[in-house]
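Structure first, then comments.
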């Protein structure tokens, strides 16, 4: 082949690619969800089932980037922090509107953020706790802070800071905020890419395109490309997949990892594994004695480290996640900002595990119990594999299967030795997972009882540290200290498995879990 | 007869009260509380406590029960804790779906069971009898979810004859969408009915009055419908009544597999979420529906068998 024809071919290929990439407008995407939303108020609820819909309905001033590592402009086109870090000035885009066509003003912004930061407003108010006052002048919103807060931009890009129409909300029937929220959440109006048009609980939900959406598509016209998204509620995994294969759905979430390989082979489907912030671990009770008063072998750091070394993550990734996971090397996922790539975690090392146990007073081995969610095939596969792995160092693992509410109750009462757990971030900042996993004062370091004065101090500093470099070094140290103390068993990170019809383009689920349909389009 | 119905309806009241007290106490005996279930693992103790206080769950049990009864008398079952909508509305939306499915399944079950049971009885101890009984025996021993998935895969996905799950929008659409789940439940019901019905048909067929009817020269079709079936159905009606109660409760798995928005799925979600008002409301509804089905069964029974006296 000569150069010229090669160049021509390249050109043709480039043209056909760019043609294939030109988004077409219109159509409805039917998407299978495993469960329905509960309550569509951004402040008073925080279940993923709600959050992942809320982010399509209510826009935030700033938005998380698709890679999960930072924030980008949203309703605010720019934001500037003062040099002392105690003022954040945001500029609203001109001509912003809610989905009913009414103007979105600075007053709506102030009211929404004030509502979200009230101390008794939901479980999320603390993310905006550094705000002292909010002032509005034209399109400028000025946040004066009690202290410098490097996490605030990420907090402003999180669902609970969604901007709501003050007039419509306060006009909703009800005596107080909670009652008005109940009424408003039945027919919410926001400024997101979509607006709720129909909701048959337990059955389906239809989101229509918001004709007043501010963001523009590649064709220069307003997004979203789709006319509507219809969410069908299909709790059974097999049924969701069958419906997708039959063409009744164009997308389905939470594909069981066991079926990923099979769906990857289906030429009509794109089996996507979106990087997530999900970390799967086993939480250990680190306290010297158990609730029952018995001695707790897990209070010895050598025992906890030994179990970590005796855990063959690669094998678990094959057995439990069918090869889709990757080993955890920090308590936070590798998609979390300020994740330290130098962290080693606990590579499988049976000799080291045995040596550590031999140095403890449990060299003869011991029995330990773990709480698992009954009916969870994943939990059972994981724990039976661990049973065998740990038997090699003389540890007998007893699996206690209980339902989710019982598991939570026992966990909350610190009445457990070990439990299976998974975590996903809701905010593009390492502070959230750190405050839960490493700070005793929040929920006793996810109820492990772990406590480190040095981590407490570093965390407090990092919450006011404006230099990203310094903050990164603080988090590097926190991650190392945490690994050395090993309050949890480091397992693996897992992706979000979403299967899409080949006709679906431009859909993304970001590491925080938000489903982004605004730039999604269907091939005709 | 009317006074009998009235009496039976009045009798439902104490049953209802007992169920009410029992379920009220039982849900509170379950480990875990609604606030924890709604708020998840991450909530702090203060938030859980505050939510429980807002829900009135920090008050003494007797006070909570009193409030519950007081509201119930006013026709209010309270609001769902997780969904934040009135329980009555949820039940009003979901119960018709489950009732539709149950009646549909019962009709399909009877339509399958009666002719096959009669055929098996008439051809008793032949290969036809063995085949019918064998097939249903196998059907009975297969788990419902397995049958459901096989039907979905074959008739839904592979042949494309029926939609895969869902409920549809209109009456005919419901009939179309619910055919596979109704068939799943109907097969299970038919399996139970065929066995009983076949035995009673055989019993009646060998009775003297049937031999007499034959001797009179009545056509066998008339004998079968007027004499044999009418008598054989008596035991079956009772069994059917008992099973319809079971169908409503047993719709749980079918509703999940076929993505049907009925009360079965609502109940499962409510139990996992410790949504007390929903669990209580649904249990009372189930108790009421089952009581009514039993009453209707008894009425039909007395119609079929004049020896049964309603008193």
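Residue numbers (this note's numbering), protein chains in the order written: chain U, 191 to 714; chain A, 2 to 312.
C-beta atoms are modelled at their ideal positions from N, C-alpha and C, and glycine is treated no differently.
Between the alpha carbons of residue 675 of chain U and residue 587 of chain U lies a distance of about 21 angstroms. Counting only Cβ-Cβ distances below 8 angstroms, residue 435 of chain U has contacts in chain A at 158, in chain order. Secondary structure note for residue 277 of chain U: its beta strand (DSSP E) is the uninterrupted segment 277 to 282.
Annotation for residue 217 of chain U: 416, 417, 712 place their beta carbon closer than 7 angstroms to its own, counting only its chain and skipping 5 residues before and after.
DSSP links residue 464 of chain U through a beta bridge to U/686. At least 8 angstroms separates the CB of residue 145 of chain A from every CB of chain U. DSSP, reduced to helix, strand and coil, places residue 274 of chain A outside both helices and strands of the structure shown, so it counts as coil. By the Cβ criterion, the region 83 to 101 of chain A is in contact with the region 249 to 269 of chain A, since at least three pairs of Cβ atoms, one from each stretch, lie closer than 8 angstroms. Residue contact with chain U for residue 94 of chain A: present (Cβ-Cβ distance below 8 angstroms to some residue of chain U). Below 8 angstroms, enough C-beta pairs join the region 329 to 347 of chain U and the region 617 to 634 of chain U to call them touching: three or more.
A Cβ-Cβ distance of about 18 angstroms is found for the pair residue 288 of chain U and residue 707 of chain U, leaving them out of contact under the 8 angstroms criterion. Only those residues of the region 389 to 401 of chain U whose C-beta falls short of 9 angstroms from the nearest C-beta of chain A are listed: 390, 391, 392, 393, 394. Taking the C-beta atoms as reference points, residue 596 of chain U is found nearer than 8 angstroms to residue 32 of chain A.
Sixteen is the threshold: since fewer than 16 other Cβ atoms of the shown chains lie within 10 Å of the Cβ of residue 483 of chain U, the residue is exposed. Fully contained in the region 555 to 638 of chain U are the following alpha helix (DSSP H) runs of length 4 or more, in chain order: 567 to 581, 594 to 602, 621 to 627, 630 to 637. When the five nearest sequence neighbours on each side are left out, the beta carbons in the same chain lying within less than 7 angstroms of the beta carbon of residue 627 of chain U are those of 521, 635, 636, in order along the chain. Proximity of the region 386 to 400 of chain U to the region 103 to 116 of chain A falls short of the contact definition, fewer than three beta-carbon pairs being nearer than 8 angstroms. With a cutoff of 8 angstroms on beta-carbon distance, residue 684 of chain U and residue 694 of chain U are scored as not near each other. In the assembly as shown, residue 233 of chain A is a buried residue. Its beta-carbon has 16 or more other beta-carbons within 10 Å.
Judged by DSSP in its simplified three-state form, residue 470 of chain U adopts strand. From the beta-carbon of residue 161 of chain A, the residues of chain U found nearer than 9 angstroms are 436.
In the DSSP assignment, residue 314 of chain U falls outside any beta strand (DSSP E), carrying neither H nor E. For residue 324 of chain U, no alpha helix (DSSP H) run applies; the uninterrupted beta strand (DSSP E) run containing it begins and ends at 321 to 327, by DSSP. The beta-bridge partner set that DSSP reports for residue 53 of chain A is empty. Listed by position along chain U, the residues whose Cβ is nearer than 8 angstroms to that of residue 267 of chain A are 392. Annotated three-state conformation of residue 288 of chain A is helix, per DSSP. When DSSP states are grouped into helix, strand and coil, residue 485 of chain U belongs to the strand group. The way I'd put it, the region 209 to 227 of chain A doesn't touch the region 141 to 160 of chain A; fewer than three beta-carbon pairs between them come closer than 8 angstroms.
Interface criterion not met: the Cβ of residue 253 of chain A is under 8 angstroms from no Cβ in chain U. Under the Cβ criterion of 8 angstroms, residue 153 of chain A is counted among the residues facing chain U. Going by C-alpha positions, residue 558 of chain U is about 7 angstroms away from residue 585 of chain U.
Residue 648 of chain U is positioned such that its CB atom lies closer than 8 angstroms to that of residue 668 of chain U.
For residue 662 of chain U, the secondary structure class from DSSP, reduced to helix, strand or coil, is helix. In this model, residue 431 of chain U and residue 158 of chain A are separated by some 10 angstroms (Cα to Cα). The C-beta of residue 478 of chain U has fewer than 16 other C-beta atoms within 10 Å across all chains shown, which makes the residue exposed. Counting only the Cα atoms, residue 704 of chain U lies some 8 angstroms from residue 698 of chain U.
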